[in-house]
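A.B. asks: Chains as they are written, first to last, in the numbering used here: chain A, -14 to 188; chain B, -14 to 188.
No residue lacks a Cβ here, since even glycine has one placed at the ideal position from N, Cα and C.
One structure coming up, written as structure tokens, with questions to follow.
2 protein chains.
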Amino acid sequence: MSGDKRREQILMSAISLFSQKGFSGTTTKEIARVAGVSEATVFKHFSRKTDIYDAILDNKACHEGMRFPWEEDPVMLDAMRRRDDYTVFYQLAFNALNKQQSDVGFMRLLFYSALEEHELAERFFGEFVARIYGFIGGYIEERQQEGAFRPMNPRIAVRAFLGMMIHHSLNNILWDKGRNLLDITNEDAADNFAQILLRGIKA
Amino acid sequence: MSGDKRREQILMSAISLFSQKGFSGTTTKEIARVAGVSEATVFKHFSRKTDIYDAILDNKACHEGMRFPWEEDPVMLDAMRRRDDYTVFYQLAFNALNKQQSDVGFMRLLFYSALEEHELAERFFGEFVARIYGFIGGYIEERQQEGAFRPMNPRIAVRAFLGMMIHHSLNNILWDKGRNLLDITNEDAADNFAQILLRGIKA
DNA sequence: GCTAAGTAAGTAAGCACTCACTTATAACGG
DNA sequence: CCGTTATAAGTGAGTGCTTACTTACTTAGC
């Protein structure tokens, strides 16, 4: 197998393990076993254990994870132009919830790295989340100036909205996997969250 | 020093370390150093490392952390009787935010234990959060029957409200310690979150 | 003089990481 | 077509260090 392919395979195994057990809870031996190679091979591709972690967050997080739904969703972009606030926030929530649900491992990894205070995780959150605040906050601000939304700090509205979505995903991923407290579809969640926020901030 | 006092002292050191580095990232040697005793003394009080973790979540979490603000806050109980919805939700948010802010270590510990899938953490979340959903959800349901709130699944409203608060605390604790994205007081946050939710669910 | 509190000095297992070595691949002159 | 050779991919068997945990022993207080 070529070096690049093997490297990718090791990274995939590492993502799976780090997301389950965190950095210090995962051994290089185990990464090698899951990747189906010897431990020495792992160290041929990554000279230190932290290099594996760095590579994951550098590639996976900062390239794959950094795509923004609104840059690819014509439905939402069109709704923004038409000032169809409900569709804008419904699409935002629906896209985000689906994305979070489809990559539970990556979500867990981000949480571990935040707790372990990995610098790359901090950078990821700083850049990615900052752009989200700018984008949604900017739209809310425009609508405030148009008199559609009541005056308030738009970033508080963003935090409230993101809070609903992320906390909902967190519940499903971490604390309430059996959906005992609340068992709803992403469509239902997006619909309700969009409605609560919009009624909550409209003029 | 008496056995019980020493035991407590070791637990305090362990809480501090586990909350910073997680379970597998913390060594028994380090716990002993912080507690100012020998490693052997740690194992006199706790025969295995996991016993320390269990003791923390058993005592600290299930006894100290399980106190509910509404059971002690006369302002909020009175507001509930008077159907002063704003004060009810403002007090809920303000109490929760202050509590979370005052015990960052405990919050981090709960996150670690959720990621590491510690059974006691699951029990804590199951019991504690379930009671919150029952309590707030029950109040919302009553107000719906009185015609004050619009018809909807009350638990979705609870999730939205808890999401705003917990995500806000999480931002301040984990991702945006420098308050770059949003820098507001707990009073401001509680006020805005309560307003957004109430406008969002009122009839 | 008994019991509880405490520890120095271990132990075996596990950890990240290295080294000497083998195999597979492919390019190239004859 | 073959045989040589350079290079990259891969590994078994270690290295020294750290880990959770133990044992045999000392001290302090009633």
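Establish whether the CB of A145 (chain A) and some CB of chain B are separated by less than 8 angstroms.
C.D. replies: Answer yes: the Cβ-Cβ gap between A145 (chain A) and chain B drops below 8 angstroms somewhere.
A.B. asks: Determine the direct distance from the alpha carbon of A179 (chain A) to that of K187 (chain B), and round the result to whole angstroms.
C.D. replies: Answer to the nearest angstrom: the Cα atoms are 15 angstroms apart.
A.B. asks: Between which two residues does the alpha helix (DSSP H) holding T12 (chain B) run?
C.D. replies: Counting along the chain, T12 (chain B) falls outside any alpha helix (DSSP H), and DSSP gives it neither H nor E.
A.B. asks: Rounded C-beta distance between G122 (chain A) and P136 (chain A)? I'm assuming under 8 angstroms.
C.D. replies: At roughly 14 angstroms, the Cβ-Cβ gap does not stay under 8 angstroms, so G122 (chain A) and P136 (chain A) are not in contact.
A.B. asks: Does the separation of the CB atoms of A106 (chain B) and A99 (chain B) fall below 8 angstroms?
C.D. replies: Yes, the Cβ-Cβ distance between A106 (chain B) and A99 (chain B) is below 8 angstroms.
A.B. asks: List, in order along the chain, the chain A residues whose C-beta lies closer than 9 angstroms to that of F96 (chain B)?
C.D. replies: Simply F96, A99, L100, L159.
A.B. asks: Quick one: using the 10 Å Cβ neighbour count with 16 as the cut-off for buried, is D161 (chain B) buried or exposed?
C.D. replies: The residue is buried, with at least 16 neighbouring Cβ atoms inside 10 Å.
A.B. asks: Taking C-beta to C-beta, are A145 (chain A) and I181 (chain B) nearer than 8 angstroms?
C.D. replies: Cβ atoms of A145 (chain A) and I181 (chain B): closer than 8 angstroms.
A.B. asks: Spell out whether any CB of chain B is found under 8 angstroms from the CB atom of M149 (chain A).
C.D. replies: Yes, its Cβ sits closer than 8 angstroms to a Cβ of chain B.
A.B. asks: Examine chain A for any beta-carbon lying closer than 8 angstroms to the beta-carbon of H30 (chain B), and answer yes or no.
C.D. replies: Taking Cβ atoms only, chain A never reaches closer than 8 angstroms to H30 (chain B), which makes this a no.
A.B. asks: Assuming F74 (chain A) contacts L183 (chain A) under a Cβ cut-off of 8 angstroms, what Cβ separation, rounded to an integer in Å, is found between them?
C.D. replies: Rounded, the Cβ-Cβ distance is 6 angstroms, consistent with contact.
A.B. asks: Taking 8 angstroms as the limit between beta carbons, can you name the residues of its chain near I41 (chain A), skipping five residues before and five after?
C.D. replies: Counting only Cβ-Cβ distances below 8 angstroms, and skipping sequence neighbours, we find L(-4), A(-1), I0, F3, L94.
A.B. asks: In chain order, which alpha helix (DSSP H) runs of at least 4 residues are fully inside the segment 43 to 119 of chain B?
C.D. replies: You should have 59 to 66, 70 to 87, 89 to 100, 104 to 109.
A.B. asks: Helix, strand or coil for K187 (chain B)? Go by DSSP, reduced to three states.
C.D. replies: Three-state result, K187 (chain B): strand.
A.B. asks: Taking the straight line between their C-alpha atoms, what separation do you get for L193 (chain B) and M92 (chain B)?
C.D. replies: Outside the shown range of chain B, which is -14 to 188, sits residue 193 (chain B), and nothing can be said about it.
A.B. asks: If we ignore side chains and look at the alpha-carbon of each, how far apart do F31 (chain B) and S(-13) (chain A) end up?
C.D. replies: Cα to Cα, the separation comes out at about 50 angstroms.
A.B. asks: Would you report the Cα separation of Y118 (chain A) and F134 (chain B), rounded to the nearest angstrom?
C.D. replies: Near 30 angstroms, if we compare the C-alpha coordinates of F134 (chain B) and Y118 (chain A).
A.B. asks: Strictly by DSSP, which residues pair up with F134 (chain A)?
C.D. replies: F134 (chain A) pairs with A:K187.
A.B. asks: If we call anything under 8 angstroms between Cβ atoms a contact, is H195 (chain A) one with L82 (chain B)?
C.D. replies: The requested residue 195 (chain A) is not part of the displayed model; chain A covers only -14 to 188.
A.B. asks: Three-state secondary structure (DSSP) at V22 (chain A)?
C.D. replies: Coil.
A.B. asks: Taking only the alpha-carbon atoms, compute the straight-line gap between A78 (chain A) and M150 (chain A) and give it to the nearest angstrom.
C.D. replies: Their backbone Cα atoms lie some 7 angstroms apart in a straight line.
A.B. asks: Starting from I141 (chain A) and walking both ways along the alpha helix (DSSP H), at which residues does that stretch end?
C.D. replies: Looking at the DSSP string, the run of the alpha helix (DSSP H) that includes I141 (chain A) is 139 to 155.
A.B. asks: Of all Cβ atoms in chain A, is any one closer than 8 angstroms to the Cβ of S(-2) (chain B)?
C.D. replies: It does not: the Cβ of S(-2) (chain B) has no partner Cβ on chain A nearer than 8 angstroms.
A.B. asks: Could you check where the alpha helix (DSSP H) with I41 (chain B) kicks off and where it finishes?
C.D. replies: That run of the alpha helix (DSSP H) goes 34 to 41.
A.B. asks: Comparing the C-beta of L77 (chain B) with each C-beta of chain A, is any distance below 8 angstroms?
C.D. replies: No - not a single Cβ of chain A is within 8 angstroms of the one on L77 (chain B).
A.B. asks: Exposed or buried, what is G7 (chain A) when buried is set at 16 or more other beta-carbons lying within 10 Å of its beta-carbon?
C.D. replies: Burial call: buried.
A.B. asks: When the Cα atoms are used, what is the spatial distance from R68 (chain B) to K34 (chain B)?
C.D. replies: Approximately 49 angstroms, taken between the alpha carbons.
A.B. asks: Could you tell me how far apart the beta carbons of N177 (chain A) and I141 (chain B) are, in whole angstroms, since I believe they sit closer than 8 angstroms?
C.D. replies: Indeed they touch by this definition, with Cβ atoms about 5 angstroms apart.
A.B. asks: Taking only beta-carbon positions, decide if V114 (chain A) is within less than 8 angstroms of chain B.
C.D. replies: Closer than 8 angstroms: yes.
A.B. asks: With 8 angstroms as the threshold, decide whether the Cβ of S1 (chain B) is near any Cβ in chain A.
C.D. replies: With 8 angstroms as the cut-off, S1 (chain B) does not count as an interface residue toward chain A.
A.B. asks: Might you give, ordered along the chain, the residues of its own chain that have their beta carbon closer than 7 angstroms to the beta carbon of T13 (chain B), omitting 5 neighbours on each side?
C.D. replies: Closer than 7 angstroms at the Cβ level, and outside the excluded window around T13 (chain B), lie E24, V27, K34.
A.B. asks: With distance defined between alpha-carbon atoms, name the residue in B:H103, B:D(-11), B:D70 nearest to E127 (chain B).
C.D. replies: Closest by alpha carbon: B:D70.
A.B. asks: If you draw a straight line from the alpha carbon of D43 (chain B) to that of E104 (chain B), how long is it in whole angstroms?
C.D. replies: Near 11 angstroms, if we compare the C-alpha coordinates of E104 (chain B) and D43 (chain B).
A.B. asks: Going by DSSP in three states, L2 (chain A) sits in which element: helix, strand or coil?
C.D. replies: In the structure shown, L2 (chain A) sits in a helix (DSSP, three-state: H, G or I).
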